[in-house]
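Visitor: For reference, the structure I am asking about is given below.
Numbering (my numbering), first residue to last: 11 to 498.
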């Protein structure tokens with residue numbers, strides 16, 4: 011049909027051509043428009059409509075030809091149909107589940123892949139609420155989430171950071187990833203959900219996680235094995251170092267022993283040999299005093315050799331761990347007094363030993379080892395003191411301690427010598443001309459340690475030396491007596 015605007019334009023054209031009066035009318039002739047290919051002045055092709063319109067004007071017949079570059083409805087519809095087919099193919103054959111819901115959450119479209127995922131027929135899901143595909147335990151929460159999304163729709167993943175699950179028709183749950191989008195047309199607002207079943211991915215992730223855990227366990231076990239091996243190597247190294255140090259120490263001790271033995275044994279043996287030779291010369295009765303003198307020299311030399319051998323035996327027992335502590339209750343005041351009496355045979359002519367005891371007389375210690383300690387300290391004090399020197403011994407018993415102090419005013423020791431005082435075979439620089447093995451104080455220190463005692467020394471050259479040993483007692487005695495008792 012020719013529009014009213016077209017007639018007005020046409021009549022104006024006819025008047026301009028002096029073709030008569032108005033009242034133009036279309037002749038009832040079939041003039042369907044045809045779609046043809048046209049070219050403009052630039053040679054560019056375009057599709058357009060060719061239309062012939064038959065009409066009468068002033069009782070004469072005319073043909074009005076109209077050419078338009080507007081696409082025909084048919085072509086437009088064809089293109090729309092092609093786009094719809096393309097969209098339908100994308101929708102129906104997509105390898106991911108796609109669902110479209112309206113604002114009320116009702117499913118209005120669902121593709122075949124989603125139907126296969128959930129196990130439904132299309133008719134079973136159309137116009138059903140989307141919650142039919144979610145676990146029942148979250149239905150009420152999902153409704154709230156859906157309503158909030160409708161208030162502010164935007165393209166985004168659903169449930170960021172959460173594990174999402176969907177439900178099949180048979181009630182089986184499976185993990186999913188969901189992305190949301192939306193669109194709006196004259197029919198209203200719609201939400202598009204892209205649902206991806208990630209069961210296989212989850213299985214792969216769990217498998218990878220399991221393998222990672224196993225690998226971490228293997229690495230940890232291997233690391234522990236390496237750590238243990240390293241610790242064993244370190245321990246072996248430490249043992250070898252200790253063994254090496256001990257071997258070196260034994261070598262040094264052997265050298266010291268050979269040096270000491272060659273000196274200390276030579277003197278008494280020479281004395282014995284010379285005295286025996288002289289005894290043969292004194293055969294008369296008048297020579298008896300001389301014989302007695304040499305006999306005493308022999309006895310003293312044998313005693314000295316015995317003491318040296320006893321020191322060696324004591325060191326050997328200490329090294330082998332064969333020293334056994336046999337504690338008992340005894341009167342320490344009487345015990346020390348007896349040791350002093352035994353030492354009278356080796357005391358110098360004008361020397362004197364003064365003894366005092368404080369506290370209870372009974373102690374719980376090893377009397378044999380204590381005797382050896384007292385005799386050794388007294389022997390050193392006698393040996394290194396002047397001929398007229400006074401040697402003091404002080405003992406004190408308390409509830410938990412026993413103290414032994416031996417003091418002399420002899421030659422004393424340098425600070426350097428005191429640093430090596432309890433080492434085996436060590437002898438001070440100022441005693442090289444005095445008989446001794448260098449073992450006595452080492453033995454005393456070990457005995458004190460075995461008896462829960464600690465030994466200390468204070469000394470100054472030419473002023474004397476004080477040894478103090480404090481023993482920790484095992485509270486096996488009573489009968490306290492705190493008076494200071496001098497012992498003659």
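C-beta: ideal position from N, C-alpha, C; glycine also.
Looking at C-beta atoms only, is the number of pairs between the stretch 331-350 and the stretch 295-306 that lie closer than 8 Å three or more?
Guide: Counting Cβ pairs under 8 Å, fewer than three are found: no touch.
Visitor: Rounded to the nearest angstrom, what separates residue 363 and residue 243 at their Cα positions?
Guide: 56 Å
Visitor: Restricting to runs no shorter than 3 residues, where is the beta strand (DSSP E) found entirely within the stretch 142-207?
Guide: 174-177, 183-195, 198-207
Visitor: With DSSP collapsed to three states, give me the class of residue 104.
Guide: DSSP places residue 104 in coil when its eight states are reduced to three.
Visitor: Does the structure place the stretch 392-405 close enough to the stretch 448-467 that three or more beta carbon pairs sit under 8 Å?
Guide: no
Visitor: Do residue 128 and residue 176 count as a contact pair if the criterion is CB distance below 9 Å?
Guide: Yes, Cβ-Cβ distance for residue 176 and residue 128 is below 9 Å.
Visitor: Would DSSP call residue 499 helix, strand or coil?
Guide: Only positions 11 to 498 of the chain appear in the structure, and residue 499 is not among them; the question remains open.
Visitor: Starting from the N-terminal side, write out each stretch of the alpha helix (DSSP H) that is 4 residues or longer and does not extend beyond the stretch 322-393.
Guide: 342-352
Visitor: Flag this pair as touching only if the stretch 152-166 and the stretch 207-220 have three or more C-beta atom pairs under 8 Å; answer yes or no.
Guide: no
Visitor: Give the range of the alpha helix (DSSP H) segment to which residue 123 is assigned.
Guide: In the DSSP assignment, residue 123 falls within the alpha helix (DSSP H) that extends over 122-128.
Visitor: Are the beta-carbon atoms belonging to residue 392 and residue 356 less than 9 Å from one another?
Guide: The criterion of a C-beta distance shorter than 9 Å is satisfied by residue 392 and residue 356.
Visitor: Taking residue 171 as the reference, give the member of 186, 409, 430, 182 with the closest Cα.
Guide: 186
Visitor: Closer than 6 Å by C-beta to residue 48: which residues in its own chain qualify, once you throw out the five before and the five after it? Chain order, please.
Guide: 56, 58
Visitor: Are the beta-carbon atoms of residue 412 and residue 481 separated by less than 9 Å?
Guide: yes
Visitor: Quick check on this structure: which residue in 463, 438, 45, 309 has the alpha carbon closest to the alpha carbon of residue 374?
Guide: 463
Visitor: From 96, 76, 143, pick the residue whose C-alpha is nearest to that of residue 109; which is it?
Guide: 143
Visitor: Report the rounded CA-to-CA distance for residue 240 versus residue 249, giving the unit in angstroms.
Guide: Per the coordinates, the alpha-carbon of residue 240 lies some 14 Å from the alpha-carbon of residue 249.
Visitor: For residue 115, which residues of its own chain have a beta-carbon under 6 Å away from its beta-carbon, when the five flanking residues on both sides are left out?
Guide: 139, 140, 156
Visitor: In chain order, what residues of the same chain have a beta carbon less than 6 Å from the beta carbon of residue 61, not counting five sequence neighbours either side?
Guide: 43, 76
Visitor: Could you have a look at residue 412 and say whether DSSP puts it in helix, strand or coil?
Guide: strand
Visitor: In terms of DSSP beta bridges, what is residue 46 paired with?
Guide: 58
Visitor: Would you call residue 370 buried or exposed, if buried means 16 or more other Cβ atoms sit within 10 Å of its Cβ?
Guide: buried
Visitor: Are the beta-carbon atoms of residue 112 and residue 203 separated by less than 9 Å?
Guide: no
Visitor: How big is the Cα-Cα spacing for residue 135 and residue 126?
Guide: Answer to the nearest angstrom: the Cα atoms are 12 Å apart.
Visitor: Given a cut-off of 9 Å, decide if residue 479 and residue 469 are closer than it, judged by their beta-carbon atoms.
Guide: no
Visitor: Between residue 246 and residue 238, what straight-line distance do the alpha-carbon atoms span, to the nearest angstrom?
Guide: 12 Å
Visitor: Verify whether the separation of the beta carbon atoms of residue 389 and residue 353 is less than 9 Å.
Guide: yes
Visitor: DSSP puts residue 76 in a beta bridge; with which residues?
Guide: DSSP, once it has assigned bridges, lists 61 as partnering residue 76.
Visitor: Ends of the beta strand (DSSP E) at residue 463?
Guide: 463-470
Visitor: What's the gap between the Cα of residue 145 and the Cα of residue 216?
Guide: 22 Å
Visitor: Exposed or buried, which one is residue 403 when buried takes at least 16 other CB atoms within 10 Å?
Guide: buried
Visitor: Please work out which residues of its chain come closer than 6 Å, Cβ to Cβ, to residue 484, disregarding the five sequence neighbours upstream and downstream, and give them in chain order.
Guide: 374
Visitor: Report buried or exposed for residue 384, applying the criterion of at least 16 other Cβ atoms within 10 angstroms of its Cβ.
Guide: buried
Visitor: Based on DSSP bridge pairs, tell me the residues matched to residue 303.
Guide: Paired residue(s): none; residue 303 is not in a bridge.
Visitor: Considering only the beta carbon of each residue, do residue 477 and residue 387 sit closer than 9 Å?
Guide: yes
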